[in-house]
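Notes for the one structure printed next.
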Amino acid sequence: MKEAAGIAREALDATDTYTSVEKWRKLFGLKFPTPPKSTKKQNGFSSREEKTDIGSGGTRFA
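For the sequence shown, the positions run 1 to 62 when UniProt numbering is used.
Structure below.
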């Protein structure tokens, strides 16, 4: 239990998604999802992978 708690803490404290996911996979096995291809974070958010199209029919807010 002590070893698992240490691995979980490392996963929570990881500074990048890839390392965090690898730690969770060590605990939960291969059923835990694989790490994303892009692990670069911007301001705490994952990087954008697709362009967002807002469209012209929606309501705009100021």
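Built from N, CA and C at the ideal position, the CB exists for glycine as well.
Judged by DSSP secondary structure, residue 3 falls within the alpha helix (DSSP H) whose first and last residues are 2 to 13.
Residue burial annotation: residue 23 is buried, with at least 16 other C-beta atoms found within 10 angstroms of its C-beta.
In the structure shown, residue 28 adopts helical secondary structure according to DSSP, grouped into three states.
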